[in-house]
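Those protein sequence lines, which keep their order, are chains A and B. The number in this note's numbering is simply the position in the first sequence, starting from 1, with 427 added. The number in this note's numbering is simply the position in the second sequence, starting from 1, with 427 added.
Protein chains: 2
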Amino acid sequence: MATTRDRQLVEQWRSIQNSYFRTAGAIDRALEAKFDIGLNEFEILDLVAESEESACRMKALGERTPMTQSAVSKVVDRLEKAGLVSRQTCADDRRSLFLELTDAGRALHSTAAVEHRALLKENLG
Amino acid sequence: MATTRDRQLVEQWRSIQNSYFRTAGAIDRALEAKFDIGLNEFEILDLVAESEESACRMKALGERTPMTQSAVSKVVDRLEKAGLVSRQTCADDRRSLFLELTDAGRALHSTAAVEHRALLKENLG
DNA sequence: TCAATCTATATGACGCGTCATTCAATGACA
DNA sequence: TGTCATTGAATGACGCGTCATATAGATTGA
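Okay, structure coming up:
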């Protein structure tokens with residue numbers, strides 16, 4: 428039986444979905460149009476920028492985003508191909524990699540972040 | 428410059444993302460495992476179930492979900508192939524279609540909905 | 001020191017959503 | 001009524017995320 432509590436939950440869920448899709452969609456389209464990177468690319472870039480100077484990033488990244496390990500790997504592929512990030516081998520553990528922003532990456536991040544924050548403010552109020 | 432207001436927005440956004448992905452992921456996996464349909468399939472089924480007896484659904488569906496028109500079309504393809512829904516031509520406007528649950532669709536929906544609501548409650552608290 | 005196991009990342013096949021386009025039916029208006 | 005624009009839906013190419021697996025390096029314990 429469909430209780431009114433169920434109705435509430437469903438409504439709440441749909442409202443979360445709507446605000447999530449609306450916001451993510453708006454940011455994604457804007458970043459794509461102005462900077463030619465998608466939302467996930469930006470978010471990885473953002474995480475890397477947040478933690479300049481610490482080691483073995485890839486691993487840590489996986490813990491700070493809902494993305495899959497393999498998704499992160501592919502996002503980084505694209506960022507690297509775009510010349511925004513570079514993978515550095517890690518001396519203590521040669522399985523690990525850590526990431527560095529290139530100059531281009533740092534530059535793009537800092538202007539894209541402005542846009543990103545503005546759209547968040549606009550959409551989350 | 429990164430204001431603390433910006434930090435707050437980013438934190439808020441990440442928290443929305445996490446709760447969205449956690450919830451959507453949990454529901455999707457559960458429905459997939461127990462009923463062999465994905466979250467989007469269920470949500471369309473749910474919308475169709477909500478509005479039994481009204482006409483020309485396809486169109487209306489697009490307005491009640493963040494999915495694209497073409498996404499809805501493909502989800503309905505799968506639901507139809509799975510025998511859960513059927514497309515009915517609409518007499519007044521032969522471009523339009525409306526959807527009907529099959530008996531199997533109604534049955535699956537009513538048991539899957541229980542699971543769905545339970546997971547919503549669990550994840551949205 | 002050598003297996004067995006575990007851990008960090010990469011990769012390929014696959015499914016799904018998106019965009020642009022297409023197609024058919026409808027409406028508007030001369 | 002004939003043209004032109006519009007609308008509802010389907011389709012194909014494409015990009016991305018996921019899952020399962022692969023690979024290489026690390027760790028453990030006998």
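Glycine included, every Cβ here is placed at the ideal spot set by N, Cα and C.
Within the segment 472-546 of chain A, complete alpha helix (DSSP H) segments of at least 4 residues are found at 484-490, 496-508, given in chain order. With 16 or more other Cβ atoms from the protein chains shown falling within 10 Å of its own Cβ, A/T450 counts as buried. At a cut-off of 8 Å between beta carbons, A/N467 makes no contact with chain B.
At a cut-off of 8 Å between C-beta atoms, B/F462 does not count as an interface residue with respect to chain A. The shortest CA-to-CA distance from B/R533 to any of B/S497, B/L511, B/R505 is the one to B/L511.
For the pair B/L506 and B/L472, the CB atoms are nearer than the 8 Å cut-off.
Going by DSSP, B/G552 is part of no alpha helix (DSSP H) at all; its letter is neither H nor E.
Between B/E459 and B/G465, the gap from beta carbon to beta carbon is short of 8 Å.
Sorting B/D519, B/V541, B/N445 by C-alpha distance to the C-alpha of B/F469 places B/V541 at the top. Within chain A, not a single residue places a beta-carbon under 8 Å from that of B/D455; the smallest gap is close to 13 Å.
Rounded to whole angstroms, the gap between the alpha carbons of B/R521 and B/A509 is 24 Å. With respect to chain B, the C-beta atom of A/I443 has a partner C-beta closer than 8 Å. Its Cα nearest to that of A/V475, the residue A/V499 stands out among A/V499, A/R456, A/I454, A/E549. With respect to chain B, the C-beta atom of A/D530 has no partner C-beta closer than 8 Å. Put simply, the CB of A/R533 is far from chain B, with every gap to its CB atoms at 8 Å or more. One finds R544 in chain B with Cβ atoms closer than 7 Å to the Cβ of A/D433, taken in chain order. With fewer than 16 other Cβ atoms from the protein chains shown falling within 10 Å of its own Cβ, A/R456 counts as exposed. A direct Cα-Cα distance of roughly 17 Å separates A/E438 from B/G489.
Going by beta carbons, B/L524 and B/M494 fall outside the 8 Å limit.
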